[in-house]
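This report refers to the structure that appears directly beneath it.
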Amino acid sequence: MTIASEQPETPSETTSLLAEHNELLVQPKSVTRRAQQVLFLACLIAVTVDIGNYISVAPQLQIFELNICQRLHPEVFDSNPGGVLPSVVPSACKTADVQGELALLKGWMSTFDQLPGIILALPYGLMADRVGRKPVLFLSLAGCVLQEMAIRIFGGGSQIATSVAFTIIADVFPVEKRAWLMSSNAWIPWMLGLACEFGSLFTILLLPETKPEPSVNPVNDVQPETAGHLKLSSAFTWASVVHFVRSQFAQLHEFIGEYPSALVISLAFLFSSYGIEAVPFMLQYVSKRFSWSLAEASLLICVKGIINCFALMLVLPMATKILDRYLSPVQRDLRVAIGCACLLMAAFGFMSMASHPAVFVVGVALVALGGGFSAALRSVGSALVGSSHVGLLNTTITLTQGVGLMISGPLLAGLFRAGMAWEGAWMGLPWMAGFILYAATILTVYCLQVQS
45 MTIASEQPET PSETTSLLAE HNELLVQPKS VTRRAQQVLF LACLIAVTVD IGNYISVAPQ
105 LQIFELNICQ RLHPEVFDSN PGGVLPSVVP SACKTADVQG ELALLKGWMS TFDQLPGIIL
165 ALPYGLMADR VGRKPVLFLS LAGCVLQEMA IRIFGGGSQI ATSVAFTIIA DVFPVEKRAW
225 LMSSNAWIPW MLGLACEFGS LFTILLLPET KPEPSVNPVN DVQPETAGHL KLSSAFTWAS
285 VVHFVRSQFA QLHEFIGEYP SALVISLAFL FSSYGIEAVP FMLQYVSKRF SWSLAEASLL
345 ICVKGIINCF ALMLVLPMAT KILDRYLSPV QRDLRVAIGC ACLLMAAFGF MSMASHPAVF
405 VVGVALVALG GGFSAALRSV GSALVGSSHV GLLNTTITLT QGVGLMISGP LLAGLFRAGM
465 AWEGAWMGLP WMAGFILYAA TILTVYCLQV QS
């Protein structure tokens, strides 16, 4: 019996220039260990940034509320020496004029917070490809630390920081594989949130650069015109940024024309973006509606987080396992997306009608249970457009969702002010709008054509 020796195949004109899929998966242990370290550090940066953001929401809101109240009702603060703000918000600060201006301030702050992530996403994406991931990530986190001084133009804010952190993860892994502090002083948790973001800056020092090295081509194989073009495109100039942005929008236009389902999915994310903006707004709403302190209202974020973890770690995996028996993966993800959207619509219905805190908490719980909507719908979109267009799909979703978040802030503020003016059941007007928009989201998702 003759055993054929496994000699390497002689290269020919039909030999593939790319390695086979199985070859790409075979990696040395040192590479795998490095990938795990990068994964841990990148996730640590992303989580630290999110903790810093969420832990400062309630104290920031209380400080804004006290400052507005001091300006509109200075007589309330006459007993405070030196104009020091009290640690407990006086009941006079819960009047409609104070709360209306606070909602307007937060609404427009939210709108302007979205601008850096939208305008600077493409230039910083290009910069990450030209000069590396670490410099862009450092700029983004430095901008987050300095955001209270209105210089988020450095790095584009937390959106760019989180995005680059997960880009770093993608570089080393293959495809298949947030009140009790406020009871003493609202400035303490706000500074703690800032400290978390500042601490993430030092984590970057431990993070290796993961930008792929450019391939070196022999000079003789490159045409003079091509060589000049490559030399020009490798430099980070404003001309290259403009050219890159134009080419990206041209690709988006062609992409939507070729895949109409991408437009449908983007519209669904546009409608559902109102819900993303409305959930943090619940702190001010609960504080006004049920006369809670902001420290007490902030506990709702903890409740939502616990239930959300329960849903993502237990409920959704069980649901998908059951649906796998009867449906294809794309149909399964579509059903999960529709089910989560129905839960979110019901949640906003409960919150709009809540005249008792317990009913509102039920709505918050349903919001947490519906937290898998975004991931499920993205999965559907990725399957419909194919793996080669997933990047363009995510770019389209990011742009439309950013536009929706920009509109949602002032819209929420206007609806809240109108609800306080009309009083009674109309106090839930912001949540009524969310109910309608999630109904529109469900109808939009139903328009997707998914084959068996």
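Residues 45 to 496 (our numbering) make up the sequence shown, in order.
From the three backbone atoms N, C-alpha and C, an ideal C-beta is built for every residue, glycine too.
Neighbourhood of residue i by C-beta distance below 6 Å, restricted to the same chain and skipping five residues each side
i, result
"L481", "F315, Y318"
"T485", "A312, F315, S316, A385"
"G414", "C384, L387, L388"
"V406", "F394"
"Y303", "V429"
"E269", "With a pLDDT of 36 at E269, under the threshold of 50, the modelled position of this residue cannot be trusted; read the value that follows with caution. Excluding positions up to five away in sequence, the list is empty."
"A398", "F404"
Cα-Cα separation, residue i to residue j
i, j, result
"L436", "F299", "7 Å"
"N352", "A363", "15 Å"
"L443", "I162", "6 Å"
"A483", "K150", "26 Å"
"L296", "N111", "44 Å"
"T76", "T139", "58 Å"
"S383", "S396", "As written in the sequence, residue 383 is Gly, which differs from the Ser given in the question. Distance between the alpha carbons of G383 and S396: 20 Å."
"A307", "P167", "Reading the sequence as shown, one finds Leu at residue 307 and not Ala. So the alpha carbons of these two residues sit roughly 24 Å apart."
"K365", "Q375", "13 Å"
"I107", "G187", "22 Å"
"V133", "V180", "40 Å"
"Q114", "A136", "10 Å"
"A402", "M326", "14 Å"
"A286", "L456", "In the sequence as presented, Ala is not what sits at residue 286; that position holds Val. V286 and L456: Cα-Cα distance of roughly 34 Å."
"P373", "Q292", "30 Å"
"S284", "R290", "10 Å"
"R174", "S184", "16 Å"
"W336", "M476", "22 Å"
"S305", "V494", "10 Å"
"Q143", "L344", "19 Å"
"A465", "L473", "11 Å"
"A420", "G301", "23 Å"
"E119", "I350", "41 Å"
"G458", "F288", "37 Å"
"A412", "P361", "15 Å"
"T92", "L190", "16 Å"
"Q81", "M357", "23 Å"
Same chain, Cβ closer than 8 Å to residue i, five either side skipped, listed in chain order
i, result
"W470", "A462, G463"
"E145", "I112, L116"
"I441", "I309, S310, F313, R422, G425"
"N438", "R422"
"Y490", "I382"
Own chain residues within Cβ distance below 7 Å of residue i, not counting five before or after
i, result
"P454", "G151, W152, T155"
"G446", "Q158, G161, I162"
"L371", "R379"
"T488", "V308, L311, A312, F315"
"M450", "T155, Q158"
"R333", "M471"
"P324", "V101"
"E321", "S154, L449, S452, G453, L456"
Contact belief for residue i with residue j at Cβ below 8 Å, rounded distance in angstroms
i, j, result
"G416", "A355", "7 Å"
"F479", "F392", "4 Å"
"A341", "A102", "7 Å"
"T410", "A427", "The identity of residue 410 in the sequence shown is Leu, whereas the question assumes Thr. Actually they do not touch by this definition, with Cβ atoms about 27 Å apart."
"V424", "D368", "Between D368 and V424 the Cβ distance is about 15 Å, and since that is not below 8 Å, they are no contact."
"K348", "V434", "Rounded, the Cβ-Cβ distance is 29 Å, inconsistent with contact."
Minimum Cβ-Cβ distance from residue i to chain B less than 8 Å
i, result
"L387", "Absent here is chain B; the protein component of the structure consists of one chain."
message: As an exercise, report each continuous alpha helix (DSSP H) stretch of at least 4 residues that is fully enclosed by the segment 390-425, in chain order.
response: 401-413
- prompt: Which residue spans inside the segment 278-309 form an unbroken alpha helix (DSSP H) run of at least 4?
  reply: 282-302
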